[in-house]
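This report refers to the structure that appears directly beneath it.
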Amino acid sequence: MKKIFLMGCFLLGFTALTFAQGRMRMSPEDRVKQLQTALKLTDDQSAKVLALYQAQGKKMDSLRNAANGDFQSMRPAMQAMNQETNTKLMALLTDDQKTAYKKMMEEMRARMQQNGGGTPPPSK
Numbered sequence: 135m136k137k138i139f140l141m142g143c144f145l146l147g148f149t150a151l152t153f154a155q156g157r158m159r160m161s162p163e164d165r166v167k168q169l170q171t172a173l174k175l176t177d178d179q180s181a182k183v184l185a186l187y188q189a190q191g192k193k194m195d196s197l198r199n200a201a202n203g204d205f206q207s208m209r210p211a212m213q214a215m216n217q218e219t220n221t222k223l224m225a226l227l228t229d230d231q232k233t234a235y236k237k238m239m240e241e242m243r244a245r246m247q248q249n250g251g252g253t254p255p256p257s258k
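Written as structure tokens, this is what we have:
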């Protein structure tokens, strides 16, 4: 009986851990693929956006490491970094793509508010 209880606790903990990991952010490559589909990026735009997202990812990783998991202390820097990346991304887009991107971001914010924040579920 004790073994069954311990096994149940282990499985419950493992399931919770797996669920938490499933909500991780998208890779730069996945983000570019999503934008390619939604905004019809050219190959040149895709390459530049990928480089932009990869550079942001490296900066974010170093920021996370420096903050030792203290989200509140790194939040202002992360917001500034996201704003900088967004500004650079907008400079790469055509006017039609900018309009579509803004609409896509508004829809994502609405979904996140509806779901209570966090990472939105991956699109299929």
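Take the sequence shown: its letters are residues 135 to 258, numbered as in the working numbering.
Where is the CB? At the ideal position from N, CA and C, for every residue including glycine.
Per-residue burial, N231 [other beta carbons within 10 Å of its own, 16 or more giving buried]: Within the sequence shown, residue 231 is the residue found at index 97, counting from 1. Reading the sequence as shown, one finds Gln at residue 231 and not Asn. Taking all protein chains shown into account, Q231 has 16 or more neighbouring C-beta atoms within 10 Å of its C-beta and is therefore buried.
Three-state secondary structure (DSSP) of N199: Counting from one through the sequence shown, the residue named residue 199 turns up at place 65. N199 falls in the helix class under three-state DSSP.
Distance, N216 Cα to D204 Cα: Taking the first residue of the sequence shown as position 1, residue 204 is located at position 70. Taking the first residue of the sequence shown as position 1, residue 216 is located at position 82. Taking the straight line joining both Cα atoms gives about 18 Å.
Span of the alpha helix (DSSP H) around N249: Here residue 249 refers to the residue found at position 115 of the sequence shown. Careful: N249 lies outside any alpha helix (DSSP H) and carries neither H nor E.
N- and C-terminal bounds of the alpha helix (DSSP H) containing T221: For this step, residue 221 is matched to residue 87 along the sequence shown. Here the alpha helix (DSSP H) through T221 covers F205 to L226.
Boundaries (first-last residue) of the alpha helix (DSSP H) holding R310: The chain is shown only over 135 to 258; residue 310 falls outside these bounds and no answer can be derived.
Secondary structure of T176, DSSP reduced to three states: By 1-based counting over the sequence shown, the position of residue 176 is 42. Here T176 sits in coil by DSSP.
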